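Below: one structure, written as structure tokens.
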Amino acid sequence: MRALVYQGPGKKALETRPTPEIAAPTDAIVKIAKTTICGTDLHILRGDVSSCTPGRILGHEGVGVVEKVGNAVTAFRPGDRVIVSCISSCGKCDYCRKGMYSHCVNGGWILGNTIDGTQAEFVRTPFADTSLYHIPVGTDEEALVMLSDILPTGFECGVLNGKVQPGSTVAIVGSGPVGLAALLTSQFYTPAEIIMVDFDDNRLETALRFGATATINNSDGKAVEQIMKMTSGRGVDTAIEAVGISASFITCQNIVAPGGIIANIGVHGVKADLHLEKLWDRNIAITTRLVDTVTTPMLLKTVQSRKIDPKRLITHRFTFDKILDAYETFEQAAKTNALKVVIAI
Ligand SMILES: NC(=O)c1ccc[n+]([C@@H]2O[C@H](COP(=O)([O-])OP(=O)(O)OC[C@H]3O[C@@H](n4cnc5c(N)ncnc54)[C@H](O)[C@@H]3O)[C@@H](O)[C@H]2O)c1
Ligand SMILES: [Zn+2]
Ligand SMILES: [Zn+2]
53 MRALVYQGPG KKALETRPTP EIAAPTDAIV KIAKTTICGT DLHILRGDVS
103 SCTPGRILGH EGVGVVEKVG NAVTAFRPGD RVIVSCISSC GKCDYCRKGM
153 YSHCVNGGWI LGNTIDGTQA EFVRTPFADT SLYHIPVGTD EEALVMLSDI
203 LPTGFECGVL NGKVQPGSTV AIVGSGPVGL AALLTSQFYT PAEIIMVDFD
253 DNRLETALRF GATATINNSD GKAVEQIMKM TSGRGVDTAI EAVGISASFI
303 TCQNIVAPGG IIANIGVHGV KADLHLEKLW DRNIAITTRL VDTVTTPMLL
353 KTVQSRKIDP KRLITHRFTF DKILDAYETF EQAAKTNALK VVIAI
């Protein structure tokens with residue numbers, strides 16, 4: 053089969069690889085129909101993710117058709133259409149039993165990281181019963197590619213951890229696919245205001261179309277000043293960090309209202325400053341989370357009932373033989389206006 057392989061920092065190529073086989077009775081083999089590229093794949097390619105070694109097939113998102121199942125798999129059969137979750141969960145360890153699949157001692161984020169991933173014609177998915185999701189008949193599969201990772205990420209790490217409430221004020225720092233996923237899903241709770249911050253006017257325009265009540269281009273570094281003015285000096289109840297650098301985490305610290313929450317989503321590669329000298333008396337909370345994908349079934353229902361349409365995050369489409377072009381388009385988002393690129397296999 054053909055697969056997109058990480059060949060070490062800065063290097064990737066389409067290679068021919070053996071089709072994966074069932075290795076454990078709880079495995080399934082899924083024939084991938086559509087996959088996508090995540091910012092985390094770019095982190096891997098920069099050499100930032102040491103657990104992912106050269107030779108690994110990348111990708112942790114996708115939808116497809118079950119090809120084969122191991123003899124312990126009971127919830128899926130060949131021919132079933134499925135969403136592959138970015139998190140593999142055994143369903144049995146203490147973390148899984150608590151709903152914290154991201155820290156599953158037998159799984160977690162392994163696809164396209166420590167085991168071969170979804171940017172290939174076929175993928176082996178461990179713990180298929182608890183890591184795949186059935187696609188309801190008649191649902192738009194392309195939209196469901198967004199359910200493998202970014203929609204649960206924005207919702208769980210941003211909206212749920214940030215305790216977005218009816219009538220509350222929310223700021224989302226970073227209007228990339230993940231920040232926009234937080235924007236879409238925060239509207240389940242009807243906050244009064246959702247302020248989006250970025251440097252990219254195109255992404256901010258998208259945010260307005262997706263339901264932001266205000267946008268701020270922070271190129272002049274005045275986002276904090278503007279948000280404090282917009283909130284009459286009070287700040288925001290929920291500040292969602294959706295970038296992954298110290299500067300945006302500091303922005304969140306400067307705009308959180310007394311009693312508010314900073315919900316960090318960003319993957320931080322280096323140290324970020326925490327100004328406890330300013331925050332110790334503000335009664336705030338700071339949360340962090342690796343997406344658990346525990347809300348995937350609920351999010352699936354909201355897509356099915358058209359409460360949200362994650363397909364709006366898709367800006368570009370490619371065939372598999374053009375996956376290197378897809379990477380380039382995604383990497384140059386500022387130039388290409390890319391959000392999510394979908395690759396049909
Ligand atoms: N916690 C998790 O489980 C999890 C899962 C998936 C992704 N992530 C992380 O979420 C983050 C966002 O992902 P993405 O795909 O949307 O990334 P992205 O790089 O596409 O988007 C980030 C956006 O932030 C903007 N930005 C940069 N610096 C800024 C600043 N100082 N103030 C305001 N905006 C700024 C950029 O212009 C960009 O539009 C990444 O760090 C990613 O690795 C976390
Ligand atoms: Zn991802
Ligand atoms: Zn587990």
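Everything in the sequence shown is counted per this note's numbering, starting at 53 for the first residue and increasing by one. Even glycine gets a Cβ: it sits at the ideal position worked out from N, Cα and C. Source: prediction; values computed, not measured.
Residue i burial status per 10 Å Cβ neighbour count (16 or more: buried)
i    : result
V134 : buried
Q398 : Outside the displayed range of the chain (53 to 397) lies residue 398, so it cannot be described from this structure.
T340 : exposed
A309 : buried
R149 : exposed
K64  : buried
A55  : buried
P106 : exposed
L328 : exposed
V189 : exposed
V322 : exposed
D325 : exposed
R129 : exposed
D79  : buried
Closer than 7 angstroms: residue i CB and nearest ligand 3 heavy atom
i    : result
S50  : With the chain covering only 53 through 397, there is no way to say anything about residue 50.
N165 : no
C138 : no
K144 : yes
G151 : no
G159 : yes
C148 : yes
C156 : yes
Proximity test, residue i beta-carbon vs ligand 1 heavy atom, cut-off 7 angstroms
i    : result
V394 : no
F251 : yes
G296 : yes
V222 : no
N270 : yes
A315 : no
P229 : yes
H95  : yes
T205 : yes
V211 : no
V115 : no
T237 : no
D201 : yes
R255 : yes
Range covered by the beta strand (DSSP E) that runs through residue i
i    : result
A85  : A80 to T88
K120 : G114 to V121
K215 : Premise fails: K215 is in no beta strand (DSSP E) and is neither H nor E.
H95  : Taken as a continuous stretch (DSSP letters only), H95 belongs to no beta strand (DSSP E), being part of the alpha helix (DSSP H) at G91 to L97.
A294 : Taken as a continuous stretch (DSSP letters only), A294 belongs to no beta strand (DSSP E), as it is neither H nor E.
L365 : Neither: L365 is in no beta strand (DSSP E) and is coded neither H nor E.
D377 : Segment I375 to E383 is the alpha helix (DSSP H) holding D377; no beta strand (DSSP E) there.
I395 : K392 to A396
I167 : Neither: I167 is in no beta strand (DSSP E) and is coded neither H nor E.
L331 : Not the beta strand (DSSP E): L331 falls in the alpha helix (DSSP H), residues L328 to L331.
Closer than 7 angstroms: residue i CB and nearest ligand 2 heavy atom
i    : result
D344 : no
D168 : no
D100 : no
T290 : no
H112 : yes
C90  : yes
D373 : no
D361 : no
D333 : no
D132 : no
Boundaries of the alpha helix (DSSP H) in which residue i is found, first to last residue
i    : result
R358 : Looking at the DSSP string, R358 is not in any alpha helix (DSSP H), and its letter there is neither H nor E.
I109 : I109 -> no alpha helix (DSSP H), and no H or E assigned at all.
M198 : Premise fails: M198 is in no alpha helix (DSSP H) and is neither H nor E.
D253 : D253 to R261
S54  : The sequence shown places Arg at residue 54, not Ser. Run containing R54: none in the alpha helix (DSSP H); it sits in the beta strand (DSSP E), R54 to Y58.
G231 : P229 to S238
E277 : A275 to M282
Cβ separation of residue i and residue j, assumed to be a contact under 8 angstroms, to the nearest whole Å
i    : j    : result
V288 : A223 : 4 angstroms
L391 : L365 : 5 angstroms
K363 : A195 : 4 angstroms
C209 : A315 : 6 angstroms
H368 : T381 : 5 angstroms
G91  : G226 : With a Cβ gap of about 10 angstroms, G91 and G226 do not count as contacting.
G111 : D100 : Not a contact, Cβ separation roughly 17 angstroms.
Contact with chain D by residue i, beta-carbon distance below 8 angstroms
i    : result
L342 : No chain D appears in the structure shown, which is made up of a single protein chain.
Report yes or no: do three or more beta-carbon pairs, one from the segment 213-227 and one from the segment 235-245, lie closer than 8 angstroms? yes
Taking one C-beta from the segment 168-177 and one from the segment 143-159 each time, how about it: are there three or more such pairs within less than 8 angstroms? no
Indicate whether the contact test is met: 3 or more Cβ pairs, each with one atom in the segment 127-141 and one in the segment 188-201, closer than 8 angstroms. yes
With contact counted as at least three CB pairs below 8 angstroms, one residue from each stretch, are the segment 82-95 and the segment 105-124 in contact? yes
For the segment 368-382 against the segment 342-359, do three or more pairs of beta-carbon atoms, one drawn from each stretch, fall closer than 8 angstroms, so that the two count as touching? no
Do three or more CB pairs link the segment 180-189 to the segment 255-274 at distances below 8 angstroms? no
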